[in-house]
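Some notes on the structure that comes next.
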Amino acid sequence: MIVCKFGGSSVADANQIKKVKAILESNDKRSIVVVSAPGKRCREDEKITDLLYQCNKDVNKGLSCRETFKKVAARYLEIADALKIKSKDITAKLDEVRRYIDAGRGADYAASRGEYLSAYLISLYLGWEFVDAADYIVINSDNTVNARTYANLASFFQEGKKYVIPGFYGESEYGEVKTFTRGGSDITGSIIARAADAELYENWTDVAGVFAANPMLIPDAKPIARLSYKEVRELSEVGASVFHEEAIAPVVEKGIPINIKNTNKPEEPGTMIYPEVEGCGIVGVSSKSGLSKIHVRKLMLFKKSGMRHALLTMIQIFGIRPCYSLFGIDSITWYFDSKMASDAVCQSMCERLKKEFELDSISVERGFAVLGLIGPNVDKSTEYIDALIALKEASVSVASVNYGASDTACLIGIPEESKDEAVKAVYDKLFR
Ligand code: ASP
């Protein structure tokens, strides 16, 4: 069995959905399909999920969502019409959804209906069985997948039958509709691949796989043929947005390979993602901005491991969960997402920590990005030196280098304003 997930751009209109049908019918093993809500048809277009969140906001303001929902309904009716699906089947569902949103079922319910309606409509078009994700997938409050999900789906999928499942949502432990974070249909695809014991999970999108650098920055960036689970997670973590970073976890145990493919160019091989890949060196570069840096100094800090622990606990009390850390003998540097703390919070945190731990100094600096150099066994490759030379040649200053902590990523702290320049410089040096 092959599980296929089609993203928002692949189901954005009737023409795209016809391509989906052709892809599914070209291989009989493709028997389970997970779909997103219709995405943008062009740059100025609106995503159905965004419109549905807007509907919920209307209701929260004490208004009816009727006006905003008209745009949602029009999109589905247009698709149904072009696919020759009887509009009566869809109209009843649309009315029900609009009434429930107006009745205040909340943001998760509203947003989930994009996928629900998309899957329902596609199931009618394909003549495949519609399976409501809320009946099987249980999502914990921390957004992880509840083990009950796999018990619910055990021996559910039968050989020879074909299924359509909406992505992005399930139900909470308390039985309410609950969504994953944005882009979460990738996670649904992984859950279903694991539950069905699929031989392959195909993730269909609008690009030909994962690229060595963001193609928006480097239009002729090369696609990467093979990646490991770890590399994909590291790449997503440093800003590459092809595959949801939480979507690897469900397939790890069974080691199911993932193929990222382009719905508009199905003949291209795309990127294969395996549990492990061989090789040594950097295969991709990406960057993530919006980071701040806490720098702490105290003489002999390295001798006081209890204090390091207490410092970390304290900064977490101020709402800061660091994403990268670097240790020196008398100092520690933590990077964190700037959105986690306002200037006022940072200031009171610094005052409190300085006093309580008798620090020599503590500061928070804004405006950093992290550049990730990703690949198999990067900790055994010297290519990061070429990358650093490229940064020097492009006059990008380097705030920190974290090399050797991971066998998959070398992370370089740089000023936020240089992040695009840094990616271009490193790409030119390593991949041209
Ligand atoms: N439709 C949802 C979103 O826009 C989920 C997804 O597409 O994966 O985030």
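Mapping of the sequence shown onto this note's numbering: position 284 corresponds to residue 275, and the numbering continues sequentially without gaps.
Where a beta carbon is used, it is the ideal one built from N, C-alpha and C, also for glycine.
Computed from a prediction, not measured in an experiment: that's the story for all the values here.
For residue i: DSSP bridge partner residues
i              : result
glutamate 120  : Tyr154
valine 24      : Cys(-5), Val155
proline 406    : Phe359
threonine 170  : Tyr160
valine 392     : Ile403
proline 214    : Phe202
tyrosine 315   : Tyr326
asparagine 194 : Lys(-4), Ile251
isoleucine 130 : Val136, Ser163
leucine 364    : Val276, Cys401
serine 17      : Bridge partners of serine 17: none, in fact.
isoleucine 353 : Val287
Alpha-carbon spacing of residue i relative to residue j, whole angstroms
i                : j              : result
threonine 304    : aspartate 133  : 20 Å
glycine 166      : tyrosine 141   : 16 Å
asparagine 368   : asparagine 6   : 43 Å
proline 29       : isoleucine 311 : 35 Å
aspartate 93     : serine 55      : 6 Å
phenylalanine 60 : isoleucine 76  : 20 Å
tyrosine 154     : glutamate 269  : 35 Å
arginine 32      : serine 0       : 7 Å
aspartate 49     : glutamate 58   : 9 Å
isoleucine 376   : leucine 226    : 19 Å
aspartate 177    : asparagine 194 : 7 Å
aspartate 197    : proline 206    : 12 Å
aspartate 188    : proline 248    : 11 Å
proline 157      : valine 392     : 42 Å
aspartate 398    : serine 277     : 17 Å
alanine 73       : lysine 10      : 14 Å
lysine 420       : valine -6      : 38 Å
alanine 378      : tyrosine 116   : 50 Å
isoleucine 273   : leucine 112    : 43 Å
alanine 390      : serine 232     : 25 Å
isoleucine 215   : tyrosine 315   : 26 Å
threonine 373    : glutamate 412  : 22 Å
proline 406      : isoleucine 14  : 44 Å
Continuous alpha helix (DSSP H) stretch holding residue i: start and end
i                 : result
lysine 84         : 78 to 93
phenylalanine 422 : 410 to 422
aspartate 334     : 334 to 347
threonine 262     : Taken as a continuous stretch (DSSP letters only), threonine 262 belongs to no alpha helix (DSSP H), being part of the beta strand (DSSP E) at 262 to 265.
glutamate 384     : 374 to 384
threonine 40      : 39 to 51
alanine 240       : 240 to 243
alanine 64        : 57 to 73
Residue i classed as buried or exposed, judged by whether at least 16 other C-beta atoms fall within 10 angstroms
i              : result
histidine 235  : buried
glycine 161    : buried
serine 296     : exposed
arginine 357   : exposed
glycine 174    : buried
alanine 360    : buried
isoleucine 380 : exposed
glutamate 164  : exposed
lysine 294     : exposed
threonine 254  : buried
glutamate 35   : exposed
leucine 424    : Only positions -8 to 423 of the chain appear in the structure, and residue 424 is not among them; the question remains open.
arginine 89    : buried
aspartate 126  : exposed
lysine 62      : exposed
leucine 290    : exposed
isoleucine 308 : exposed
aspartate 99   : buried
Within-8 Å CB hit, residue i to chain D
i           : result
leucine 350 : Structure shown: chain D not included; a single protein chain is present.
Boundaries (first-last residue) of the beta strand (DSSP E) holding residue i
i                 : result
serine 181        : Counting along the chain, serine 181 falls outside any beta strand (DSSP E), though it belongs to the alpha helix (DSSP H) covering 176 to 186.
glycine 281       : 275 to 288
glycine 297       : Where glycine 297 is concerned, there is no enclosing beta strand (DSSP E), although the alpha helix (DSSP H) it sits in stretches over 296 to 308.
phenylalanine 327 : 322 to 328
isoleucine 251    : 249 to 253
glutamate 225     : No beta strand (DSSP E) holds glutamate 225; the alpha helix (DSSP H) holding it covers 220 to 228.
Within 5 Å of the ligand ASP: residues by beta-carbon to any heavy atom: After applying the 5 Å Cβ criterion, the set is Gly(-1), Ser27, Ala28, Thr40, Phe159, Arg173, Gly174, Ser176.
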